[in-house]
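Numbering (this note's numbering), first residue to last: 278 to 1109.
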């Protein structure tokens, strides 16, 4: 952008530069380049893999996609590697040779007996567990035994590293060492079928699994003989038939001989005495004498050629204010360097590091920040800021501070704790964040192959683990960026153990940082990983979470990818959710048979119980909440939004129909007898207790006994002087009936004996309470005597039909009946 004329460039209107092309657009701010025309987009590494019968497309942008392999396009069958190909594969998995002069090859002292015994056991096809303390020389013994067993098995010797590896990871590593299957990861069944036919001597260093996991590993490979190097804390399972070989420390003589080999000269009497004390302190561990020999070598250099320890160029270089003081040229008085103390010999890491170069010490700080993992020497110049920092790896390995671990190096046993105590962890968070930023750029670069990223997976995952959870500002965001960049490379390189660890740490970091889009991406990738590894339940959970988050963010492309994967999960698990209709189930079917008018999933009808009408409250017509008895009890509750709308609409329609029936029948009944003494639903009967009621005898509101549940029963006759209207929706019989007996009376047609005129009202009918002298001794039958007898029909009349809304008047008798209420239309409407 021109700093003088910024307006045309800023708004993309510089037609002279763009040649007047109306379709010219400014590049994105993230491109970082000038507007010199169309910019080349950054390449996105999209890789296709096969996982069992699934086709996995690793897409770093929207998330990986998985689908069934199309017919006729499956991967080729895995082929066994030739001996030459196995040798090439083994060299590729070995740790890199450090820069600088080659380190001397140390002999294997006092291990000949264990070596021969291990070879004999492996030759007979027996699996052996080699136990010993860290630093006892297990790795060196494994290498020697592997060289002796090179021709014992048809598939040769396979060397694996068990640090941070599960049983499944070891099985896939064994398959990859013997078979050649590019871009293909077999599923569980195929993997077990292939490794069952492998016949090899397998050495596993730093084994961390035990128990049932180790038993499964041994059972899956019956034709292999395993040599497992582990500590005593890693115990095998009950079914594991393993031979035990214990690796002890060296004797005094062997320890002094090893010390002389490292120093490459005879020891003085003073040094021999010092070495004897060290042997007693260190229990004869070979690693301690290798490090003690490095201390003596540094002491010899300081005494013989002190100028080698003084860098005159470093003295004149500008130094920061907080940097340590520049080294001072040694004088003649300082040439006599004493022997290290016994404590420095037993824990020599701090003293050894102090005599190394600044690049080597910076490398140690990064290793401490990464939990003991040492970055590859190709990354050290960028991390340390020194172009010659790759030589620091040779310095550290030469003095015994590093040990090989698979395709990489890590701090030797006990060195991490010694450096932490020396203060090398003070700026661990800063170093871990620097490493994370570097690895995020490196892993996403198109020139970096997925295999290189998988080889550096342990250091990358270690930097992620240091940042999450972290209290430093920006640590979670840096972890999200690193996990987002490295996880597609791990997936493409078939390092799925590291892929899962990176995704889980990245998901946690995104949650802490509040980056919802990145958290949805990690949930999607975890769902795809679970689907490819044969865990549909976890895949469904992760994918549904991702789809929900992306729906909130309006990420259409990501949501589509998630729905495709979720549909594949349902397809493979045979778990389809119905898109509409009524779900099947015994509970729902029973509810529909009992109440045909009830909508699917609605409420069941209320039972027809007659209640005590002496203290009845007004009936309110309203919809009831769903009854528990009519709930759907099928095994799978699948109700969508449209389903609930349909149920609500059906319930509303049913309620309207019932109300219409009530109103229609009420109007019809009123039309037949316009001058009837019956009280309609639009009226209420009032009484004047001062004029018509007898004196209060203290027996007000005595409830009358009711009939059995489910039968229409009138109230018990009482000596009331006035009649009260009935709130029933059906005619009340003149005589009560017991359970199982039909009423024999008909509604009376005579005039009402109520002294007062009916008063119209706009409210619902409200029953009035009567004052009775005493309850009737029998609720089954009563004789009524009326001063104005009304002709009645002696023929029994069938009970009224449910849904009737006609209101009946009071029965004229010497003891008028109390208000009667049956389960009529109003209760039917209320239950609906």
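By construction, the Cβ of each residue, glycine as well, lies at the ideal position given by its N, Cα and C atoms.
Just so we're clear, the structure is a prediction, and the values are computed from it rather than from any experiment.
Under three-state DSSP, which class holds residue 681? As a working mapping, residue 681 is identified with position 404 in the chain shown. DSSP places residue 681 in strand when its eight states are reduced to three.
For residue 726, name the three-state secondary structure that DSSP assigns. For the purposes of this step, residue 726 is taken as residue 449 along the chain shown, with counting starting at 1. The answer is coil: DSSP assigns residue 726 none of H, G, I, E or B.
6 Å CB neighbourhood of residue 838 in its chain, flanking five on each side removed: Counted from its first residue, the chain shown places residue 838 at position 561. The answer, listed in chain order, is 339, 340 and 342.
Does the Cβ of residue 832 have 16 or more other Cβ atoms within 10 Å, making it buried, or fewer, making it exposed? Looking up residue 832 in the chain shown gives position 555. Residue 832 comes out buried.
With 16 other Cβ atoms within 10 Å as the buried cut-off, status of residue 933: As a first step, residue 933 must be located in the chain shown, where it is residue number 656. Answer is exposed; the Cβ neighbour count stays below 16.
Taking the alpha-carbon of residue 409 as reference, which of 424, 421, 398 and 391 has the nearest alpha-carbon? Along the chain shown, one-based indexing puts residue 409 at 132. The option with the nearest alpha carbon to residue 409 is 391.
Short check: CB of residue 461 to CB of residue 327, under 8 Å? Against the chain shown, residue 461 aligns to sequence position 184. Against the chain shown, residue 327 aligns to sequence position 50. Cβ atoms of residue 461 and residue 327: closer than 8 Å.
In whole angstroms, what separates the C-alpha of residue 704 from that of residue 629? Start at 1 with the first residue of the chain shown, and residue 704 comes out as number 427. Start at 1 with the first residue of the chain shown, and residue 629 comes out as number 352. If you take the alpha carbons of residue 704 and residue 629, they lie about 20 Å apart.
Taking the Cβ atom as the reference point for each residue, do residue 329 and residue 464 lie within a distance shorter than 8 Å? In the chain shown, the residue the question calls residue 329 occupies position 52. In the chain shown, the residue the question calls residue 464 occupies position 187. Closer than 8 Å, so yes.
Can you list, in chain order, the residues of its chain with a C-beta nearer than 6 Å to that of residue 622? Leave out the 5 residues immediately preceding and following it. Residue numbering aside, residue 622 sits at position 345 when the chain shown is read from its first letter. For residue 622, where only same-chain residues beyond five positions count, the Cβ hits under 6 Å are 555 and 569.
For the stretch 464-517, list the alpha helix (DSSP H) runs that are entirely contained and at least 4 residues long, ordered along the chain. 465-472 and 489-497
Looking at the structure shown, is residue 786 part of a helix, part of a strand, or coil, going by DSSP? One-based indexing of the chain shown puts residue 786 at position 509. DSSP places residue 786 in helix when its eight states are reduced to three.
Contact between the stretch 498-514 and the stretch 534-546 (3+ Cβ pairs under 8 Å): no
Could you have a look at residue 1077 and say whether DSSP puts it in helix, strand or coil? As a position in the chain shown, residue 1077 is number 800, starting the count at 1. Bear in mind that the predicted position of residue 1077 carries a pLDDT of just 45, short of 50, making it too unreliable to give a figure here.
Using only alpha-carbon positions, find the residue among 504, 365, 471 and 385 that is nearest to residue 400. Looking up residue 400 in the chain shown gives position 123. Comparing Cα positions, the closest option is 504.
Please classify residue 695: does DSSP put it in a helix, a strand, or coil? Sequence index remark: in the chain shown, residue 695 carries index 418 (1-based). Correct three-state label for residue 695: helix.
May I ask you to report which of helix, strand or coil DSSP gives residue 687? Locating residue 687 in the chain shown gives position 410, counting from the first residue. Strand, per DSSP.
Ordered along the chain, which non-local residues of its own chain (more than five positions away) have a Cβ less than 8 Å from that of residue 829? On the chain shown, position 552 is the one that residue 829 refers to. The residues are 793.
Residue range of the beta strand (DSSP E) that includes residue 438: Along the chain shown, one-based indexing puts residue 438 at 161. It spans 434-438 - the beta strand (DSSP E) in which residue 438 sits, taken as one unbroken run.
Name the residue from 752, 758 and 638 whose alpha carbon lies nearest to the alpha carbon of residue 699. Position 422 of the chain shown, counted from the start, is the residue given in the question as residue 699. Minimum Cα distance to residue 699 is reached at 638.
Simplified DSSP assignment, three categories, for residue 519: The count along the chain shown starts at 1 and reaches residue 519 at position 242. In the structure shown, residue 519 sits in coil (DSSP, three-state: anything other than H, G, I, E or B).
If we count the other Cβ atoms within 10 Å of its Cβ and call it buried at 16 or more, is residue 941 buried or exposed? Along the chain shown, one-based indexing puts residue 941 at 664. It counts as exposed.
Is the stretch 345-362 touching the stretch 819-826 in the sense that three or more CB pairs, one from each, lie closer than 8 Å? no
Beta strand (DSSP E) containing residue 408: first to last residue? Here residue 408 corresponds to residue number 131 of the chain shown, with the count starting at 1. It spans 405-409 - the beta strand (DSSP E) in which residue 408 sits, taken as one unbroken run.
Would you say residue 940 reaches chain D, if we count a Cβ-Cβ gap shorter than 8 Å as a contact? The chain labelled as chain D is not found in the depicted structure, where only one protein chain is given.
Cα-Cα separation, residue 624 to residue 809: Position 347 of the chain shown, counted from the start, is the residue given in the question as residue 624. Position 532 of the chain shown, counted from the start, is the residue given in the question as residue 809. Taking the straight line from one Cα to the other gives about 47 Å.
Close Cβ partners of residue 575 (< 6 Å) along its chain, the five nearest in sequence each way excluded: Position 298 of the chain shown holds residue 575. Here the set comprises 632.
Between the Cα of residue 784 and those of 773, 760 and 775, spot the shortest distance and give me the residue it belongs to. Taking the chain shown and counting its residues from 1, one reaches residue 784 at position 507. Closest option to residue 784, Cα to Cα, is 760.
Starting from residue 333, follow its DSSP beta bridges and name the residues at the other end. Within the chain shown, residue 333 is the residue found at index 56, counting from 1. 326 and 343, per the DSSP bridge assignment.
Exposure of residue 695, with buried meaning 16 or more beta-carbon neighbours within 10 Å: Along the chain shown, one-based indexing puts residue 695 at 418. Residue 695 is buried by the Cβ-count criterion.
Where do the ends of the alpha helix (DSSP H) carrying residue 809 lie? The sequence position of residue 809 within the chain shown is 532, counting from 1. It spans 793-809 - the alpha helix (DSSP H) in which residue 809 sits, taken as one unbroken run.
Along the alpha helix (DSSP H) that carries residue 765, what are the first and last residues, could you check? Your numbering for residue 765 matches position 488 in the chain shown. Here the alpha helix (DSSP H) through residue 765 covers 752-769.
Go ahead and label residue 438 buried or exposed: buried means 16 or more other beta carbons lie within 10 angstroms of its beta carbon, across all protein chains shown. Along the chain shown, read from residue 1 onward, the residue named residue 438 stands at position 161. Flag for residue 438 reads buried.
Name the residue from 773, 347, 474 and 663 whose alpha carbon lies nearest to the alpha carbon of residue 445. Here residue 445 is taken as the residue at index 168 of the chain shown, counted from 1. Of the listed residues, the one whose Cα sits closest to residue 445 is 773.
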